[in-house]
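Protein chains in written order, with my numbering: chain A, 10 to 289; chain B, 80 to 667; chain C, 30 to 349. Even for Gly, the Cβ is constructed at its ideal location relative to N, Cα and C. Since we're looking at a predicted model, the values are computed, not measured.
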Amino acid sequence: MSRFLTRLLGHSSGRIGGVIVLAYILIALAAQAGLTPYDPLQQFRIDRLQGPSMAHWMGTDMFGRDVLSRLMIGIGQSFLVAFSSVGIAALIGTLLGLTAAWFGHLWDGLVMRLMDVLLAFPAILLALLFIAVVGPGTFTSILAIAFVYAPIFTRVVRGPALSLKARDFVDAARTFGSSTSYILTRHLMLNLVAPLTVQVTLALAWSLLTESGLSFLGLGTQPPGSSLGLMLSDSVNLMEMAPWLLVFPGLAIMLGILGFNLLGDALRDILDPRSRRAVA
Amino acid sequence: MSRLLSVRGLTVGFGRGDTAKTVVHGIDFDLSPGETLAIVGESGSGKSVTALSINRLIDDGGGRILGGRMEFTTARGEVVDLVSATDRRMEKIRGSEIGMIFQEPMTSLNPVMTIGRQIEETFRLQQGLGHAAARLEALNALERVRIADAERRLGYYPHQLSGGMLQRVMIAMALAANPRLLIADEPTTALDVSVQAQIMALLAELRRETGTGMIFITHDMGLVAGIADRVMVMNGGRVVEQGTLDDIFDRPQHPYTRHLLQAVPHFSHGRHVRRDVSPGGRALVRPALKVEGLTVRFPATTGLLRRPAGAIHAVEGVGFELMPGETLAIVGESGSGKSTTARALLGLVKASRGSFSLHAGDEIPRRKPIQMVFQNPYASLNPRLDVESLLAEPVLAGGVRPDGDTRKRMMSLLERVGLPSDSLRRYPHEFSGGQRQRLCIARALMVDPSVLVLDEAVSALDVSVQARVLDLLIDLQNDLKLAYLFVSHDMAVVERIAHRIAVLYAGQIVEIGRADAVLSNPRHDYTRRLIAAVPTTDRRRDVFRLQTEAVPSLLRPRGYEPPEAVWAVCGEDHQVLVEQRAMMGEAR
Amino acid sequence: MTYLLRRLITFPLVMLGVSVLVFVAIRLVPGDSITAMLGTEAGLLTPQQKQALAAYFGLDQSWLVQYGRWLLGVLSADLGLSVTYGKPVLDVILQRFPLTLELACLSMVVAIGIGLPLGVFAATRRERGSDLAVRIFAMIGQSTPSFVIGLMIIYVLSAGFGILPAMGQFIPFSEDPLGNIGQLILPALTLGLSFTASVTRISRSAMLDVLSDDYVRTARSKGATRRRVIWRHALPNALIPVVTLSGVEFGYLLGGAVLVEQIFALPGLGRMVLDAILQRDYALVQGSVLFVALNFMIVNLLVDLAYVMLDPRIRLGGRS
């Protein structure tokens, strides 16, 4: 573990990505714990649309709410969605991909055809369809993103699982008479941890992007809740008057995604040097 | 006589700064026109780096020539120092003056270009020929390497040809512009032994025809004997000895050369077989493994709807007996069904027919009487498990919780196979290839088997490591009365370890018997050809017979049943399959 | 060839699966089907009217029968009626689609036109300053959401130069080529940026992979120059993953169009889907999702075709 950390910190994009992600996680936790400079819903009527100042580092919005506080809450919100959706997708995808690869035949065919159907939709459109059915909201975004991402995880797990299945050490295990559960956990899963870690990190970047996109369209987190995408869409008509409303949330989204992308790249170099295929 | 190539103080390294590492330390050698120099060494000896340095391809591979001179005399009589020549100059010299062929023909050709275009390229680059002229030359080049139906083959892509064919294409390409020097870097290592013999014969013939000088890189002393005029032995990036073929073979000076010649397995037509089990006692003991009529068929399908088209008869009616303490070697080339036989015995593939019975012996109750050791020690150990977990797996699989006794057994087995006692907490990547194979052997022995199936178990190892692992296997066999089923393509290795040999061809045993009898007096046509193809250190400058016989297809129509096997006895414990014309005729 | 034929056979099967999914999804909308079909206007109906309508549309029959009837309609180009537009769904879609298709294609041209040369260039200058610069560009490009870029562009243009990008009515290329390109170029750049970054990254790493392959060494041993090796030997092999990526990315472009059209106020299909969802025009949602999925699948089929042309191993199958 310490060896792994040394290598990660020795990797320049790993270092930068790691610091960004860690900072964001701290901010998200602080926001969840209520440690924001102001109450994000408190409206300072007199201070509406004020630029950055000592009192409000990132200025205030059209209701006079503190942008920094709302930004922190937004990051917390985005991370909540990103982590839970990717968690669910990874869990389902791993389960389906692993069993499809191992049991093969009918089950594999069934699972993979289903995934073909899901992957026949452009990702955002599938999420939109999901939201159209269930209705907008934070929880829906989580499920929608998980729903879109699960097929990708299924494919990502099935490929390496199939090649692991054909490896000699799995054959060796079968000659010993090892149980299926032993082979699946110790021989397949243990070797899938590395590619999965990489994939999860990259998926987090993508999920962050999708979440902010959905809330930008008004289909994610609903007002008066705060999310980065929502803050951006609020700024659209005010951008000439109050560019800080555009710049800070925009940079916050970008930097967060950048952090996960950098970290994912570094992890891939360290953990899984052979696979180069990104989830794009 | 003027030199073709004169190398002085060649030093090659990789990397820069802190990670810089020198891998070839100031070597000297000379090559006369038309002469063949063999560079012999094991992996890490620097032999391939030396080869790539001569035409400076090492620059592309991240290496750097750090010092020395390489004076090369071109066809026009100019002397060029290859170390200091410009890149442009080198691009003119490569292909036209120095040709090169590589170890892996399957990956050395561009998969998205037809072989015709790839051969043409040499002519276009080096002689500035136009499309039509280059095509004509390419056709000639293919015919020169004895490829039948050359016209049509020009339009083939690499994946449509076999490894042997591709290596011929590589040779055609390398010799296209009549270079004065041909560098061949382990050109036959990836090929079957009979294909190897064909390629070697071709190289020898072409060398005679063209008068090309050759540098032949190999780890196999047997191949050296067949083709080299002079030999240079490398170890650890240094030349340990060089001289004429006869000097090196008959009067080796350096201990490492002697080690390569003596300790390493070389084929000697059955003169060095084991004689430690008396062949007379066979009838008195119950066999540890008895196999009868083992048959493995895979369904074959064709077309869009995957209609069944028949079956691949991978293994057909294989039967033998294996006594405790005895080694039966199963030899054959790729596609002969030898590995499938092994895998069927372990239940990794389903036998379509046939039976086998294991007899565990009387003294100790055996838990899992048959175990297997795989070819590639890098692939057969899960990289994420430590040695203790690896060794515990067979025990766990048998439903036993590992306890103090298990640990004690681990320690004693590790010691027995010659691994350090602190190995338990370590991971596979911390061990060398030979050590990993020892680990695999220890793992197989954890459950105290009576039969060990060794599937090409030493084939992936360096020759001197091979020798030590073979010695270990023999010791273990004698101590534990283990029965070995030793699957291999390597006759030299088989000669070292086998008591009996079964020759497998197209899924059937064609000859079986005592090792010395089979090796010194092969009776089946195929066995004879196989043995004739094996390079040996006593066949010096011997030109291999050029033969082009394809392995028969194993695909049979639905419902096909092979005729009953008829055996001819040709000596005590030596049987040979009587040729069945009908079947062989159909196969061709 | 077998590979392509097999793909052609699975195509209608996957399409069938897609149609089932779309049909079932819309049936899962909370509330009864009349509401689902008519949206908010259904609230004005009496229960008797609803029942009559349900019988008329066959909604009192089993899902299977309903699906069959719907599918038959779809096959005869009848995607139903859009409540908000009061027109057949297909007409609405076909009116909106050209813009989105052109936007996606333009983005693709931008992405491949910039990304591929950039990736190849970076690969040949591995670990040097220019390689690092390209990698940083690609990393930032990949991490910037299209709507952030789009908003920044609009902000810079309007605040800095006092101009607003052309919005509103779509100008077809056939009527006013310059106006059309002028209208779409900024949205296309916006939409294409992250795709450009992906193409750059993939072509760089594919090129690096290929350059370490054995046959590159063989070509060098024949005396081919580095240039020739890169363009003649390595590039055709490195294109294979780039083509695969392009197929996947086309879907992202079609999806991303929703956001970009929203920002640049372009009347494309993406914006229409969004409006349809917000206005609960389910027939339109159903029809357009199906339509876009079909297009995406056709693009992927074309990608497979390109694949087959690029790679003789797939075209010709195993050893003959």
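Beta-ladder partner(s) of residue i, from DSSP
| i | result |
| --- | --- |
| Y281(C) | Answer is none; Y281(C) lacks a bridge partner. |
| V375(B) | V394(B) |
| Y584(B) | Q587(B) |
| M240(A) | Answer is none; M240(A) lacks a bridge partner. |
| Q545(B) | Answer is none; Q545(B) lacks a bridge partner. |
| A37(A) | A37(A) pairs with nothing; no bridge assigned. |
| Q654(B) | I591(B) and V648(B) |
Span separating the alpha-carbon of residue i from that of residue j
| i | j | result |
| --- | --- | --- |
| L555(B) | R183(A) | 24 Å |
| S11(A) | L211(A) | 23 Å |
| I443(B) | R365(B) | Here the model assigns I443(B) a pLDDT of 47, short of 50, so the residue's position is not dependable and the matter cannot be decided. |
| E114(B) | A110(A) | 55 Å |
| A290(A) | G46(C) | Because residue 290(A) is not part of the residues shown, which for chain A are 10 to 289, the question remains open. |
| V49(C) | L123(A) | 11 Å |
| L138(A) | L14(A) | 41 Å |
| A276(B) | R579(B) | 25 Å |
| D691(B) | V544(B) | Because chain B spans 80 through 667 in this model, residue 691(B) falls outside it and cannot be assessed. |
| H262(C) | F257(A) | 47 Å |
| S632(B) | G389(B) | 12 Å |
| V597(B) | F346(B) | 13 Å |
| G366(C) | H65(A) | In the structure displayed, chain C extends from 30 to 349; residue 366(C) sits before or after that span and is not available. |
| V272(C) | S434(B) | 51 Å |
| V239(C) | L345(C) | 22 Å |
| A40(A) | V76(A) | 13 Å |
| D482(B) | G404(B) | 30 Å |
| S241(B) | R376(B) | 23 Å |
| I144(B) | D274(A) | 33 Å |
Partner residues on chain A for residue i, Cβ-Cβ distance less than 9 Å
| i | result |
| --- | --- |
| Q514(B) | Per Cβ cutoff of 9 Å: no residues; Q514(B) is ~16 Å from chain A at best. |
| S232(C) | Going along chain A, no residue has its Cβ under 9 Å from S232(C), so there is no contact; the nearest lies around 11 Å. |
| G477(B) | F185 and G186 |
| A54(C) | L138, F139, A141 and V142 |
Identity of the residue in the options nearest residue i by Cα
| i | options | result |
| --- | --- | --- |
| A175(A) | Y158(A), P131(A) and L193(A) | L193(A) |
| R164(A) | I34(A), L107(A) and A261(A) | L107(A) |
| I214(C) | V289(C), T273(C) and Y184(C) | V289(C) |
| M77(B) | L424(B), V272(B) and F346(B) | No answer is possible for residue 77(B): it lies beyond the span of chain B, which begins at 80 and ends at 667. |
| A154(B) | A269(B), A130(B), L270(B) and G292(B) | G292(B) |
| L270(B) | V573(B), E412(B), A536(B) and T380(B) | E412(B) |
Within chain C, the residues that residue i reaches when beta carbons sit closer than 9 Å
| i | result |
| --- | --- |
| R122(A) | T39, L42, V43 and G46 |
Per-residue contacts from residue i into chain C (C-beta, under 7 Å)
| i | result |
| --- | --- |
| G259(A) | V177, L180 and M181 |
| L247(A) | Within chain C, no residue comes near L247(A); the closest Cβ sits about 11 Å away, beyond 7 Å. |
Proximal chain A residues relative to residue i, where beta-carbon distance stays under 7 Å
| i | result |
| --- | --- |
| S567(B) | Chain A residues near S567(B): none, gap ~17 Å exceeds 7 Å. |
| P642(B) | The premise fails here: P642(B) is roughly 34 Å from chain A at the closest Cβ pair, so nothing lies under 7 Å. |
Closer than 8 Å at the beta carbon, the chain C residues around residue i
| i | result |
| --- | --- |
| I154(A) | By Cβ distance, chain C contributes nothing, its closest Cβ being about 13 Å from I154(A), past 8 Å. |
Contacts of residue i in chain B (Cβ-Cβ under 8 Å)
| i | result |
| --- | --- |
| L199(A) | N461, R463 and L464 |
| D333(C) | Near D333(C) there are no residues of chain B at all, since even the closest Cβ is about 16 Å away, more than 8 Å. |
Residue i: contacting residues in chain B (beta-carbon distance under 9 Å)
| i | result |
| --- | --- |
| L135(C) | Those within 9 Å of L135(C) in chain B number zero; the least Cβ separation is about 29 Å. |
heavy atom of the ligand ZN below 6 Å from residue i C-beta
| i | result |
| --- | --- |
| F52(C) | Among the ligands in the structure shown, none appear at all, so the ligand ZN cannot be discussed. |
Minimum Cβ-Cβ distance from residue i to chain D less than 7 Å
| i | result |
| --- | --- |
| R342(C) | Protein chains A, B and C are contained in the structure displayed, whereas chain D is not. |
Beta-carbon neighbours of residue i, restricted to chain B and to distances below 7 Å
| i | result |
| --- | --- |
| F13(A) | Those within 7 Å of F13(A) in chain B number zero; the least Cβ separation is about 13 Å. |
Query raised in the report: Is there contact between the segment 87-100 of chain B and the segment 296-303 of chain B, where contact requires at least three CB pairs shorter than 8 Å?
Result: no
Query raised in the report: Is the number of C-beta pairs between the segment 36-45 of chain C and the segment 321-331 of chain C that are closer than 8 Å three or more?
Result: yes
Report task. Evaluate the contact criterion for the segment 452-469 of chain B versus the segment 191-203 of chain A: three or more CB pairs, one atom per stretch, below 8 Å. Result -> yes
Query raised in the report: Should the segment 258-278 of chain C be called in touch with the segment 204-212 of chain C, which here means at least 3 C-beta pairs below 8 Å?
Result: No, they do not touch.
Report task. Flag this pair as touching only if the segment 391-405 of chain B and the segment 584-598 of chain B have three or more C-beta atom pairs under 8 Å; answer yes or no. Result -> yes
Query raised in the report: Is the segment 266-281 of chain B touching the segment 209-218 of chain B, taking contact as three or more C-beta pairs under 8 Å?
Result: Counting C-beta pairs with one atom in each stretch, the segment 266-281 of chain B and the segment 209-218 of chain B have fewer than three that are closer than 8 Å, which means they do not touch.
Query raised in the report: With a cut-off of 8 Å, do at least 3 Cβ pairs link the segment 411-422 of chain B to the segment 569-588 of chain B?
Result: yes
**Report entry** Stretch-stretch touch, CB-based, cutoff 8 Å, three pairs: the segment 244-253 of chain B with the segment 156-168 of chain B
**Finding:** no
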